[in-house]
Each structure stands twice: as C-alpha cells, then as structure tokens.
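Let me begin by presenting the structure, written as structure tokens, before commenting on it.
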Amino acid sequence: MANTLLRVENIGKRFGGVIALKGVSFSIGEAEIVALIGENGAGKSTLMKTLGGVHQPDTGQIYVDEKPVKITSARDAMANNIAFIHQELNVLDNLDVGANIYLGREPKTLGIINSGEIYRQSQVYLDRLGLKVSARTPLSELSIAEQQMVEIAKALSQNARVIIMDEPTSSLTLKETERLLTVCKELRSEGISIIYISHRLSEIIEIADRVVALRDGANAGDLSREKITHDAMVGMMVGRELARFNLPHHTAILDRFVTVKNLRTRRYPDQTVSFDIGRGEILGFAGLVGAGRSEVAQAMFGVEPALEGTMEIGGGGAFMANTASQAISHGVYLVPEDRRKTGLLLDWPIRDNISLPALKRDANKGFINRVREKQIADEQKISLQIKAPNTEARAGNLSGGNQQKVVLAKWLSLNPRMMIFDEPTRGIDVGAKAEIYRIMRELADRGVAVMMISSDMEEVLGVSDRIAVMCEGALTGFLTRAEATEQKVMNLAVARAHEAVV
C-alpha cells in the first residue's frame, strides 16, 4: 500500500443500547480506492460519519498522515482534507445548484461574493459528471439522483485528499454510474483517495484496490485487488454462503386488476399514462432518472395529486386519490424513494412507526390499544428481521436497510390491494435485498398488485413479471419477462429522449 493517508484504530461507538462499532480499524493510502462493505447495520455509515465529523467516537483514535486528529464537525473534516458524500442528501432545496456546491466557501472579489465565479466553477464540475443542468437551476427542481450528483460535484470542488462516497450510485442510471466510476479512476490517477461504500459489488470489482468488510460492528476481513470476487465479498459480509436471487415468476391471477387511465402528472402535463397491473403480478417500471416514474407513483398515492386521470381496483368504481388517506382507504400503499423524508418519523420509536397507519383500525372507542400495537410491531420486527434491541428503539438510529424494513412493516400490518415500491432496495445490502424481493413475491402470491420502480437494471429484469418503460413522462413500451433484455429496455428508455444521458 502507498503511504498511509488516513487511519483509524479501535474505533468504538454506541447509540443508547445499540453498539454500532466494536473496536474497528481501517486505513487508506494515497491514490487508493478502498471499498467498505457489509450488511446494513454492520457499521459502515457510522464509521464514515466519525471521519466526517457527524459522530464522535466513544473510543479509539483517528490519524491523518500518521498524526492524531480530532474531528468534531464537517469543518474539521474539511480542514483535514476529508470530504463526505452522504447517502442521505445534505443539500438546501431553497438555493440553486451553484450555491449548494460552494456554500460556506464562496469565492469573493474585494470582499463581495463573486456569483459569476461560483456558477462558472460549479458548471465545470457538473459538466465533468455529465449532469445536464445549469449551475443556476434551483435545487428543488432536480430529482434525487441529480441532487446526489450535485453532492459529488461539491466534494470534487473541495479538492479533498480523501473523498468518502456512501452509496453514491444508489439512484443513478447505468450511464451515470459508468461516468461516476470513470471519475473515481481519474481522481485516483490525480493522487486522490476514495473510500467507496456500496452494495453494488460489480462496481467494487471494477474500481477497488482493496476491500474492507465489517460485520456486526467489527472488522470481518479484507481483500487485496487480485482476490476481489463477488463470492469472496459476500462471504465476508454475511459469514455464510448466500445464493444470488432467483425469484420465481408467475402469470397474473387476474388480468387488469388495477387499471390506470389517462394519468397526467404535474411534472409532465402534456403526457398521459395508461396501464394495468394484474392481480398477483409484479410490474416493474424502468427508465432514465427524470423519466416520470416516481411522479406517477406519487400521483397514484395522492401525495402529488394528478392533474387528470382515474384508477380502478378489482372492478370497483373509478377514483384518483387527492390525498394519501384516500389512497390508503382504497388499499393502495407506497414505499417511497426517500424513506427518511417521507417514509418514517425518525424521532419516533419503531413501534409507533409501524402502528401509525393502523391506529384507527386498532383503536377502542378512540383509545389506542397499546397491547395490540406492541404485538403487531414485535411480530413485524421478527418477521422482517429488523436489527434493533426492541421496538422502542428510535427509527433514526437504525441503518438504512433496517429503516426500509420499518417502512415495509407499517404497510404489511394492513391488507394492501396494491403496493407501490419506489426504489425499494436503494442503499440496501445483498442480504436485505433478497428479503425484500421475497416479500414482494409473497405479496404478489397473496393476490396483491405490485408496482416496482427501480433504476437497478438487474433488479428490474430479475424481479419483474412484466416491465413498463418510461421516458420524458410517456410510456414507451411494455416487455414480458421472456422478451425483456437490458438492450430492449434501454432502447425504450431513450425512445423519446435521444439526447438524454442514459
């Protein structure tokens, strides 16, 4: 390994009754890409947040250039040439892209902020990442994936010696991911080191010089470049053999169980979308970031009401939800793309998050049935293998994968007729992915119509019974499982946007 640039020794961290790190050690050399892997709850994000100044370790020491340092804030991290791209976005929606990239570091001329220079420099980094937006664009107009790319541009603008990337490609398309990996290699050639946290093992195989694995908050092994394989990484993460998912597929129990007609969203007011989902079918929605898939899901669930359109479920009357409550009353539930912002109450315990949608059902003369509430939460915790000491643990203290399981649990405690999954395995480890795929299949086998939006091509092809493809707000085609290939999906995904970055 090259000269050690950053090293941590025996780092320990506890959150209440949850032990997140147990004496973890880690190092990275100059001009090196080290992948940090592990199942959700293994301690990856906690370890990196100690380097980013988000958390302070209870025990252990951090060294930069073999000198002990104390990092208690993001400013301390920057002072030590460490930049952190968080999995959950750290951006300000009310500012434009350039202001987000240079927030707190604005270039000045004679003491006055030079806005022109901010936009000029920001545009260089945006163009470098292949993000086709202006630095003057309000951040609120960007998709989650585009906002994540802005975070990466911000890190590049800091000229950091170490860049920590926590699931940077979780919402990116194939071409955007390829571009990011190319950027990582370019940064390495310039002497910059990258700590790359990802559950996408193919990306790690492509770019990593070393792999370090954590399991249950402790070191679980490491691999040099020549020993990095899919099976070797999975073995370190889970400590057991884990078969790649091979989901069974079935034809729909009943065709056209859910029918959507002439749905027109606010983002694409000139396009209408019509489709149907069979009872017991998993309909996957593929497309580029910004294709309009999430907007369709949000309209169906009532959180972003449609301008026009109707839904029918099981031959019932036509409706279109204007609120989430209306959607829920028809048996339509959404597992949202951004679980922390729209799927969970982070300060609430697991129990309350799970029971919230069922309060009215389980109440007795207006009083909450605490015994029933706890029983349901405990059952879901065991069923979904949520890693927490108990259901009184704060949802915000859980890992990303376990937070996603809590979001799932609150709907599974009801009786859905239709489940919408928007990027269900974003930031989820390989073990938890298999569990979520199993849950989706079980829901379909129970007769639930399942709609799955995913930017992971392998996931779309492997999980879906049928695939719908969107581009620029329009449905450009449907593919059966038998005929679907990556090439066919991508051809449809650019059918109306030949200039788009795929």
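Mapping the sequence shown onto the numbering used here, position 61 (from 1) lands on 634, and the numbers just tick up by one. Ideal placement from N, C-alpha and C gives every residue a C-beta, glycine not left out. The model shown is predicted, which means the values in this text are computed figures rather than measured ones.
For ASN792, the pairing in a beta bridge is given by DSSP as LEU787. When DSSP states are grouped into helix, strand and coil, GLN958 belongs to the coil group. If you ignore the 5 residues before and after TYR698, its C-beta comes within less than 6 angstroms of the C-beta of ALA726, LEU729, SER730, all in its own chain and listed in chain order. For PHE940, the number of other beta carbons within 10 angstroms of its own is below 16, and it is reported as exposed. Between the alpha carbons of LEU985 and VAL944 lies a gap of roughly 18 angstroms. Ranked by Cα distance from ILE1040, the first of PHE848, PHE657, GLU603 is PHE848. It is roughly 28 angstroms from the alpha-carbon of LEU827 to the alpha-carbon of VAL876. LYS640 has its alpha-carbon roughly 37 angstroms from the corresponding atom of ASP920.
Within 10 angstroms of the beta-carbon of ASP1038 lie 16 or more other beta-carbons, which makes it buried.
The residue among LYS748, GLU582, ILE610 with its C-alpha nearest the C-alpha of THR623 is GLU582. Separation of the CB atoms of SER766 and GLY626 is rounded to 18 angstroms, and the pair is thereby denied contact status at 8 angstroms.
Cβ atoms of ASP669 and ARG709 come within 8 angstroms of each other, at about 5 angstroms. Nearest C-alpha to GLY1046 among ARG837, LEU856, ALA1055, ILE923: ARG837. Excluding the 5 residues flanking it on each side, PRO630 has same chain C-beta neighbours closer than 7 angstroms at ILE584, GLY585, LYS586, THR623, in chain order. Excluding the 5 residues flanking it on each side, THR632 has same chain C-beta neighbours closer than 6 angstroms at GLY585, in chain order.
Taken through DSSP and simplified to helix, strand or coil, ARG1019 comes out as coil. Along the length of the segment 988-1049, whole beta strand (DSSP E) runs at least 3 residues long occupy 991-995, 1022-1026, 1039-1044, reported in chain order. By a beta-carbon distance limit of 8 angstroms, VAL591 contacts PRO962. Their separation comes to about 6 angstroms. Here the C-alpha atom of ARG1014 lies approximately 8 angstroms from the C-alpha atom of ILE855. A straight line joining the alpha-carbon of ASN792 with that of GLU965 spans about 28 angstroms. By the C-beta criterion, the segment 735-751 is judged not to be in contact with the segment 780-796, since fewer than 3 inter-stretch pairs fall below 8 angstroms. Closest by C-alpha distance to TYR675, out of TYR692, ILE949, LEU754, is TYR692. Residues ILE923, GLN953, LEU971, ASN975, LYS978, VAL979, ALA982 of the same chain have their beta carbon placed closer than 8 angstroms to that of ILE959, with the five preceding and five following residues left out of the count. Straight-line measurement puts the Cα of ILE777 at about 11 angstroms from the Cα of CYS757. Our two residues, ASP700 and GLY973, have alpha carbons roughly 30 angstroms apart in a direct line. Per DSSP, THR577 is one residue of the beta strand (DSSP E) stretching across 577-588.
In the three-state reduction of the DSSP assignment, MET893 falls in the coil class, being assigned neither a helical nor a strand state. Within the DSSP bridge table, the entry for ARG837 names GLU881 as partners. About 20 angstroms separates the beta carbons of ILE655 and ALA593, which is beyond the 8 angstroms limit, so they are not a contact pair. Counted as a single uninterrupted DSSP element, the alpha helix (DSSP H) harbouring LYS978 occupies residues 973-985. For the set GLU779, GLY812, MET810, GLY808, the Cα lying nearest the Cα of ARG798 is the one of GLU779. Check the Cα spacing between ARG839 and each of GLY857, GLY812, GLU868: the tightest is with GLU868. The secondary-structure analysis by DSSP pairs THR682 across a beta bridge with ILE685. Judged by DSSP in its simplified three-state form, ASP666 adopts coil rather than helix or strand. Rounded to the nearest whole angstrom, the CA to CA distance from ARG1019 to MET1043 is 28 angstroms.
Between the beta-carbon of LEU579 and that of SER600 there is about 7 angstroms, and that keeps the pair under the 8 angstroms contact cut.
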